[in-house]
Structures are given as structure tokens and as C-alpha cells.
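Trainee: Chains as they are written, first to last, in UniProt numbering: chain R, 1 to 402; chain P, 1 to 402. All C-beta atoms in this analysis are idealised placements derived from N, C-alpha and C, irrespective of residue type, glycine included.
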């Protein structure tokens, strides 16, 4: 009945609070928040019946959540009676906000999402970050973060944490970018470069994209493989609603699955990796197009115009994706594969060959493939929502703040 | 301090007991069992301090576990004072036993393992099962199961459950063999063919092999990929000590990861699957050997004698394994890859090319590869131990039995 608890988020996926009185109270605060978030507005009595606690117990929890600014009582028709049983509870639109940020190869973006899931402020800066040192990039990102926070504060929100999506491998400390080849960053501790006043989580953009799909996608199952692209190709493996992170935090490197073992050399050290066939540079090269801004838009435009070279390039990329995904589906047995990020905009030309390849390599029905509605927004939204989820999962961490 | 609770087992991996008084009691019974199992013999006071409960609370739990035949008090030096505080507790060697069974392509095997992890009875029948109907095979298996149970009962044990390892895909109902190509079984409900008096779990042999490695291997990490072979090639994906099962229960089909996308046709419907290069038939064919009994032994013998054709066949199989594992490691980021089953006996000739392939396709240090000590025993032991683990995870299910 209640929303699932302890969804994965990059900081502490699936962590369970301890079995103490205190842990129980914190779990119950979370159950109230998730219930109101998923089903609200609800009366206290309805919350109590949803989560199977007494109304008195729920009232104590609700009072604490109202004092902390996480819940609000609606009831404009009964001024002065706010707080009385009977008036409906809703998640606050004036409490904590999750700040999400994205370091893209060609842009920086920041947004603030409130506990209701609404984007309340955003800022973007276009321009390449390829080959730039981390310091000036993060300085610009910090300026955007401050601007978004100021705007959110103007609306009565306060920042509960900052999550940053990067196009690279992130260590399990959730601070250090171990390798971001398309930025040329190595072993970069973003924690040292970003403002220290907010709880910080740095994560891989494909992972945040996958979490966004889990949380915001339409009828997304709890077991799926989310494939996305910015410049490289990444994937997020979701197992029973949790992100599979891997020992070092590097799981989901679909871009380096060998597709043709004697194919072209890849900067990763391998040969014939998926990125050599379906990565942006490979597709642009095969399509006879130049690197430049909004390349995905250009590919889509040309494909829509019927450019045969572009269409063939995308068809071949789809075939390579289908081969790599056959391996992934055999290993992971997901319910669906979801194409997100830049790939979602090219889906009409990638999907037919991708699906054909999956089908011809599979005994029985092939794994379903769908296209994300979130498109390139996924990683940014996933980052912001990961902060919001962390508050819903353990409201006690921020209560007492306001 | 205490052993990890709720290890994955094929029936209900990671299931957590509910947050009720009753659920708490059952969790605490499990904590006592796991503590004594991992650290025993221990006094009641030591158990109490290990799990952080009062000595009185622990004594109540221990008394229940002794009554149920799951724990024993040691203390031969104090006859007549059994049950008094101070005497050491041990897991019973006369209580419940896990019955493991394996349907191999060339053999049937059954064993009984007590709560201490000791194999107390076993029975094997050699002879091919390829192409035989399920009914007579399961009839023979049932006869072996009955013989092993009778032997175990003669030693004061009683069967707590039966787990059966099969070389094929098993549905999530843990009864139905959806597809076992090397037996030629399809949609076979083993639950209807096996004796109904014991709780039954049917599982994939590679999965049971992976669990055996987790539970019984030497210093096995909690995140690893276990690769095994009987006739086909299977894998078990262990994530944080849990088996990744997949939506339909089919995860770990490493044998059908495409290695050379335009390679030979595979019965699965694909082309160039790993099994076409590293499966037993492919290796025997490449080595110029006939099918027959103990083919793995024959390959190992010839390779040890320096037969160049056999060595080349194994080297090429290792290369194909390395290519498929590069993809798997990129997707899953495990701590290690463990070669088990028949592959462990051929490791000296497979490993060099396998490791070379992994290393040359990986930026940074390649994933470590090790060889299981359990060898072809893994699936059978994993099956029996899965029953034992289920008892340790929820002793209340069997208490009251004796």
C-alpha cells in the first residue's frame, strides 16, 4: 500500500535503519512521508490506516514532520483550525529542496526540486567543457548552484543537499571522478571543489538517468536496464528498484562491452567496444558529419529528412547496440531495456535494427525495449530527486533544521 | 560481529521478516543460530554479548532452539547439568539436514548436509540423462533421495528440505524447468514429479555453484561472478552476497553472450555465442576428440601430456571466455571472477589466454580471476547448503518439528 521504502540512491542504496526504538521511529517518519507523498492529500486517519499504526502514533509523527517543514496541513476552508484532525496533509512545497547539477561535455545545468517533485528553479550554461581543467568548470557550476539556491530560497525552500551528475566513473566515496574521458578528468575530488555547506553526492550520469527513469518514468518496472548516451554510452542496471553499483562503483559500462572483438581500438584499451560503433563520434563519422554543437539534433534532423548516410549510420549503431544488449540481457534478465538520454531522440532510427538484433539472438520472446520520456533531462532530474528521496527515506536527518 | 543474516538462497533471497513482535523474535532466533554457527561453541553469555541482547532474552531463545533440536549444549564434563548457564552451545549435528540433489547431463547425485555443514550421506548414479524423459530420471533421483534420507535418519538427522540443481533455466516458482537444452527438457514441473513431503526448491546449477562459492569458498568476496560449466556454460552473479536472479529467474546466461556476432549458429537462436567457442562440445570438436564419458578428465589428461591440438582448443576457449567476461565485468564491476565446475579442472590451460584477453581489454587493473576449490561439487553442495541456510535464516520454520 505504501510507497516502497529505501529506494536506491547513490549515497546509501537500500541502507536499512537499525532495529532500535530510534530506528523504528525514523522508519515510521519515512513511512508517513512516503505515504503522503504517494497518496496525499490524506487525513491523519487515512495515513494511520495506510501504514497500520494507531492514529495517536501517527499524529505524533505528523506533528514532528509539520514542525520540520516536511508536511503541511491543507484546510483553507477552516482557518484557525490548522492542525486539527480531519484536515488533509500534503507534502510541503516550502520545505527542503533537492539541488541537482549536471556536468555535461557541452553544458552545465542545475535545478531545484521540491518534496512534491516539482522543479522550482533552474539554470543552464552552454559551452564545451571538453579538455577544460576541473577548477574553472566547477567554479562556474558553483555559481549556477548558488543562483538556483537563491531563487529557491526566494520561494521559501531550503536546500537539503546537492547531487552532481558527471559523464564518467565515480568512486564509491561519491565524491571522486576516477575517469571522465570526454572531459579528460582523472582522479578529481569534486568534494574539494564544490561548496562544503551542503551534503554532497557525485554520481555517474547514466546512473542518475536510470534512477530518474525508476522514479519518474511511466510504468517503469523495478528490474530494467537503462541505456543512455551523452558523448559516451552508459547504462544503469536496476535490480528490484535498486541501482547496481559494482565493487568500485563502475557497474554499467555498456559502452565498453566488446561487440566485434577484433574491431577498432578504443581509448579504454579494448578493441571493438560498443562505443566504437554507437558512440556519438563513431556515428557522426559514419554519417559524414562534423563534430559541433547539438549534434544529436543534427543527426535527428538529417535522418528525418531521409539522409541515407545518416540513416545507415544510425541503423548500424542500432545493430551494435542490439549485439551488446543481447549480452547484457542474457546476464541480467531485466524486464525491459529503456533508451534514455540522447539516444531517446534518435530512437526512431536506432530501434528497428536494435530490436531485430535482440530478437534474432534470443530464443523465445525478446526483451522489450522502450524509450524514455525524460530524454536528456534524466540525469539532472535523477540527481535532484535523489536528494528528495533521501529526505523521504529518512526525514529525521533534516528535521530540526527549520 | 554476527554472521550476515538473510543470505540469498534461491527460494527467497534476502527476504526480511516483518517488523512485528513475532518477526523480531524470529530474527533474534536467526541471529543466535548464525552467531553460534559462525563463532561457536559459545556460552550463552558470549552469544548475548555478540548479538547485543540481554542474557535472559538469549536464554529464552536458546532454550527454544535446543527444544527444536537446532542447538546442543556441550558439557560432557558436567553430566546432569546440561542446560545450565556456562556450558557451551553448538549447532546440532543431530537436527535438521539439508538434502541437495543434482540432475547432471551424465549423472545424478544426492547428499545430506547437517547444520554444521558436514556432508553426512551421499549417493551418486553415473549414466547419461541426455534425451531421456524427465519421469524416469526423476524416479531414479527420488530413489537416491530416499536412500540418502534413510542414511541421514540413521544418524539422527531429519530432512528439512530438498533443493535440486538442474542444468537449465528455472522459472521463479523454483519448481519448473523452463528449458534444459542438454537434457532436452522443456516446461517440466519437477514439483509434480518429486516426493511432495519436503519443502522443494529447484534451481539452476550455476546459481547453486555460485552460492556454494559464497558460503564455502576461501575468502570469497560478496561481489563476484561465478562461471561454471557442465555441458553448457553458466554464470552466477553475486551482488553484495545475494544472487541476482533476473525478472524470469534467467540471469547469468553467460554462455549466450555474443562473442563474434557473425560466428556459428547456436541452438539458442543467436550466432557466435560463448558456448560456440568454449562450450564442451565446441572444445572437444576443436581438440579432435570424441564425445564420451569424463570428457573433462580426458581434456585435462591430454593437455597435461602436451597435446598441442587440445592445448590450442583450450587456449581459444580461454580467449572466448575472456571476451565474454570483459563485457560482463564492464556491466557488473565484480570484485573477482571465479571459475568453477568443470572449468576449474581445465583452469591451467584456460586461464592464461582468458586473463590476457581481460587485461588487454581493460584500462587500469583487470578484474582478478580465481579458481574454485569446490570444482564440480559446487552445485550439489550449494543446493544442500541452501536448505541449511534457510534453517539458519528462519529457525522458527522448522522449530516444533522435533
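Taking all protein chains shown into account, decide if residue 150(P) is buried (16 or more other Cβ within 10 angstroms of its Cβ) or exposed.
Mentor: On the second chain, position 150 is the one that residue 150(P) refers to. Answer is exposed; the Cβ neighbour count stays below 16.
Trainee: Whole angstroms is fine: what's the gap from residue 377(P)'s alpha carbon to residue 106(P)'s?
Mentor: Residue 377(P) sits at position 377 when you count from the first residue of the second chain. Residue 106(P) sits at position 106 when you count from the first residue of the second chain. Rounded to the nearest angstrom, the two C-alpha atoms are 14 Å apart.
Trainee: Report the rounded CA-to-CA distance for residue 81(R) versus residue 252(P), giving the unit in angstroms.
Mentor: For the purposes of this step, residue 81(R) is taken as the residue at position 81 of the first chain. For the purposes of this step, residue 252(P) is taken as the residue at position 252 of the second chain. Residue placement at residue 81(R) is flagged as unreliable, the pLDDT there being 46, under the threshold of 50; the coordinate-derived value follows with that caveat. Looking at the backbone, the Cα of residue 81(R) and that of residue 252(P) are separated by about 59 Å.
Trainee: Run down chain P in chain order and give the residues with a C-beta less than 7 Å from the C-beta of residue 363(R).
Mentor: Here residue 363(R) corresponds to residue number 363 of the first chain, with the count starting at 1. For residue 363(R), the chain P residues whose Cβ falls inside 7 Å of its Cβ are 268 and 269, in order along the chain.
Trainee: Restricting to Cα atoms, I'd like to know which of 349(R), 243(R), 289(R) and 157(R) is closest to residue 485(R).
Mentor: The structure shown does not extend to residue 485(R), since chain R spans only 1 to 402, so no value can be given for it.
Trainee: Assign residue 186(R) to one of two classes, buried (16 or more other C-beta atoms within 10 Å of its C-beta) or exposed (fewer than that).
Mentor: The residue you call residue 186(R) lines up with position 186 of the first chain. The residue is exposed, with fewer than 16 neighbouring Cβ atoms inside 10 Å.
Trainee: Please report the residue range of the beta strand (DSSP E) in which residue 102(R) lies.
Mentor: Here residue 102(R) refers to the residue found at position 102 of the first chain. Looking at the DSSP string, the run of the beta strand (DSSP E) that includes residue 102(R) is 96-103.
Trainee: Can you give the Cα-Cα distance for residue 383(R) and residue 130(R), rounded to whole angstroms?
Mentor: As a position in the first chain, residue 383(R) is number 383, starting the count at 1. As a position in the first chain, residue 130(R) is number 130, starting the count at 1. Looking at the two C-alpha atoms, the distance is approximately 22 Å.
Trainee: Quick one: what's got a C-beta closer than 7 Å to residue 270(P)'s C-beta in the same chain, skipping five residues either side?
Mentor: For the purposes of this step, residue 270(P) is taken as residue 270 along the second chain, with counting starting at 1. Closer than 7 Å at Cβ, skipping near neighbours: 256 and 258.
Trainee: Less than 8 Å between the CB atoms is what I'm expecting for residue 183(P) and residue 168(P), so what's the real figure, rounded?
Mentor: Numbered from 1 along the second chain, position 183 holds the residue referred to as residue 183(P). Numbered from 1 along the second chain, position 168 holds the residue referred to as residue 168(P). With a Cβ gap of about 7 Å, residue 183(P) and residue 168(P) count as contacting.
Trainee: With 9 Å as the limit, tell me which residues of the stretch 246-259 of chain R have their beta carbon closer than that to any beta carbon of chain P; keep them in chain order.
Mentor: 246, 247, 248, 249, 250, 251, 252, 253, 254, 255, 256, 257, 258 and 259
Trainee: In the DSSP assignment, what are the bridge partners of residue 224(P)?
Mentor: Residue numbering aside, residue 224(P) sits at position 224 when the second chain is read from its first letter. The partner list for residue 224(P) (beta bridge, DSSP) reads 238(P) and 336(P).
Trainee: Of the residues that make up the stretch 313-343 of chain R, which ones have a beta carbon closer than 8 Å to any beta carbon in chain P?
Mentor: 323, 324, 326, 327, 328, 330, 331, 332, 333, 334 and 335
Trainee: Between the Cα of residue 152(R) and the Cα atoms of 124(R), 111(R) and 173(R), which residue gives the shortest distance?
Mentor: Here residue 152(R) refers to the residue found at position 152 when the first chain is read from its first residue. It is 111(R).
Trainee: Just mark residue 277(R) as buried or exposed, buried being the case when its beta carbon has 16 or more other beta carbons within 10 Å.
Mentor: For the purposes of this step, residue 277(R) is taken as residue 277 along the first chain, with counting starting at 1. Buried, because 16 or more other Cβ atoms sit within 10 Å of the Cβ of residue 277(R).
Trainee: Taking Cβ positions, are residue 334(P) and residue 225(P) nearer each other than 7 Å?
Mentor: If you number the second chain from 1, residue 334(P) lands on position 334. If you number the second chain from 1, residue 225(P) lands on position 225. Cβ atoms of residue 334(P) and residue 225(P): closer than 7 Å.
Trainee: In or out: residue 136(R) buried (at least 16 other Cβ within 10 Å) or exposed?
Mentor: Numbered from 1 along the first chain, position 136 holds the residue referred to as residue 136(R). Exposed: under 16 other Cβ atoms inside 10 Å.
Trainee: How should residue 302(R) be labelled, buried or exposed, when 16 other C-beta atoms within 10 angstroms of its C-beta is the threshold for buried?
Mentor: Locating residue 302(R) in the first chain gives position 302, counting from the first residue. The residue in question, residue 302(R), is buried, as its Cβ has 16 or more Cβ neighbours within 10 Å.
Trainee: If you draw a straight line from the C-alpha of residue 62(R) to the C-alpha of residue 29(R), how long is it?
Mentor: Along the first chain, one-based indexing puts residue 62(R) at 62. Along the first chain, one-based indexing puts residue 29(R) at 29. Approximately 8 Å, taken between the alpha carbons.
Trainee: Residue 55(R) bridges to which residues according to DSSP?
Mentor: If you number the first chain from 1, residue 55(R) lands on position 55. In DSSP, residue 55(R) forms no bridge with anything.
Trainee: Hey, does residue 223(P) have any beta-carbon neighbour from chain R nearer than 7 Å?
Mentor: If you number the second chain from 1, residue 223(P) lands on position 223. At least one chain R Cβ lies under 7 Å of residue 223(P).
Trainee: For residue 238(R), tell me which candidate among 324(R), 329(R), 294(R) and 321(R) has the shortest Cα-Cα distance.
Mentor: Along the first chain, one-based indexing puts residue 238(R) at 238. Looking at the Cα atoms, 329(R) is the closest of the given residues.
Trainee: Any beta carbon from chain P within less than 7 Å of residue 261(R)'s own beta carbon?
Mentor: Numbered from its first residue, the first chain carries residue 261(R) at position 261. For residue 261(R), the answer is yes, since a Cβ of chain P falls inside 7 Å of its Cβ.
Trainee: Give me the DSSP bridge partner(s) of residue 201(P).
Mentor: Here residue 201(P) refers to the residue found at position 201 of the second chain. DSSP output for residue 201(P) lists 163(P) as bridge partner(s).
Trainee: When DSSP builds the beta bridges, which residues end up paired with residue 158(P)?
Mentor: Position 158 of the second chain, counted from the first residue, corresponds to residue 158(P). BP columns for residue 158(P) point to 96(P).
Trainee: From the DSSP output, in three-state form, read off residue 384(P) for me.
Mentor: Position 384 of the second chain, counted from the start, is the residue given in the question as residue 384(P). In the structure shown, the three-state DSSP call for residue 384(P) is helix.
Trainee: Which partner residues does residue 256(P) have in the DSSP bridge list?
Mentor: In the second chain, residue 256(P) corresponds to position 256, counting from 1. Bridge partners of residue 256(P): none, in fact.
Trainee: Specify the secondary structure class of residue 362(P) as computed by DSSP and reduced to three states.
Mentor: Counting from 1 along the second chain, the entry for residue 362(P) is found at position 362. Correct three-state label for residue 362(P): coil.
Trainee: Is residue 169(R) helix, strand or coil by DSSP?
Mentor: In the first chain, counting from the first residue as 1, residue 169(R) sits at position 169. Looking at residue 169(R) - three-state DSSP - the assignment turns out to be strand.
Trainee: Taking the alpha helix (DSSP H) that residue 398(P) falls in, what are its first and last residues?
Mentor: The sequence position of residue 398(P) within the second chain is 398, counting from 1. Residue 398(P) -> no alpha helix (DSSP H), and no H or E assigned at all.
Trainee: With which residues is residue 126(R) paired in a DSSP beta bridge?
Mentor: Reading the first chain from its first residue, position 126 is the one you call residue 126(R). Its beta-bridge partners are 107(R).
Trainee: In this structure, how does DSSP classify residue 83(P) when only helix, strand and coil are distinguished?
Mentor: Locating residue 83(P) in the second chain gives position 83, counting from the first residue. Reliability fails at residue 83(P), whose pLDDT of 48 lies under 50, so the model's placement of it is uncertain and the value that follows must be treated cautiously. If DSSP states are grouped into helix, strand and coil, residue 83(P) belongs with coil.
Trainee: What did DSSP end up calling residue 374(R) once you bin it into helix, strand or coil?
Mentor: Position 374 of the first chain holds residue 374(R). DSSP places residue 374(R) in coil when its eight states are reduced to three.
Trainee: In whole angstroms, give me the CA-to-CA distance for residue 289(R) and residue 357(R).
Mentor: Within the first chain, residue 289(R) is the residue found at index 289, counting from 1. Within the first chain, residue 357(R) is the residue found at index 357, counting from 1. Going from the Cα of residue 289(R) to the Cα of residue 357(R) covers about 26 Å.
Trainee: Could you give the distance in angstroms between the alpha-carbon of residue 27(R) and the alpha-carbon of residue 113(R)?
Mentor: To locate residue 27(R), count along the first chain from 1; it is residue 27. To locate residue 113(R), count along the first chain from 1; it is residue 113. Roughly 23 Å separates the two Cα atoms.
Trainee: Is the number of C-beta pairs between the stretch 205-225 of chain R and the stretch 337-345 of chain R that are closer than 8 Å three or more?
Mentor: yes
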